[in-house]
Amino acid sequence: MATNEANATAAGQAQADTTAKPHGFRRKLVGRVKSNKQDKTVVVEVVRNSPDPVYKKYVRARERYKAHDEKNEYKVGDRVEIQEHRPISREKRWIVTKLISRPVEE
1 MATNEANATA
11 AGQAQADTTA
21 KPHGFRRKLV
31 GRVKSNKQDK
41 TVVVEVVRNS
51 PDPVYKKYVR
61 ARERYKAHDE
71 KNEYKVGDRV
81 EIQEHRPISR
91 EKRWIVTKLI
101 SRPVEE
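Using UniProt numbering, you'd call the opening residue of the sequence shown number 1 and step up by one each time.
Okay, structure coming up:
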């Protein structure tokens, strides 16, 4: 009888483990693709405007992130949203989640 209960609880735990667990908070940033020369990787530049504490003038801060692009579908100039992810390679810790806009081509 005790083994049946143990098996039932083990099966219940196995079912609970297979359901997707929610991740903790993962940052999302919006930026522009600057390079797509690497395979399955894009370089995304995120520009932030923050006021200078002394001069009260807005200063542009620029950061570049390497993000994973599984299908090589994003091109230079695209506005994309990237999200934090587990480390994929030495420098890649972000994945591209969605395309926001494409530049107008003539």
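Idealized CB from N, CA, C, for every residue including glycine.
Please confirm whether residue i and residue j have their CB atoms less than 8 Å apart.
i	j	result
residue 85	residue 93	yes
residue 95	residue 67	yes
residue 47	residue 64	no
Helix or strand or just coil, what does DSSP make of residue i?
i	result
residue 108	The structure shown does not extend to residue 108, since the chain is modelled only from 1 to 106, so the question has no answer here.
residue 95	strand
residue 21	coil
residue 101	strand
residue 106	coil
residue 84	strand
What are the boundary residues of the beta strand (DSSP E) that residue i is part of?
i	result
residue 49	41-51
residue 60	58-68
Validate contact between the region 23-31 and the region 52-59 using beta carbons, cut 8 Å, 3 pairs
no
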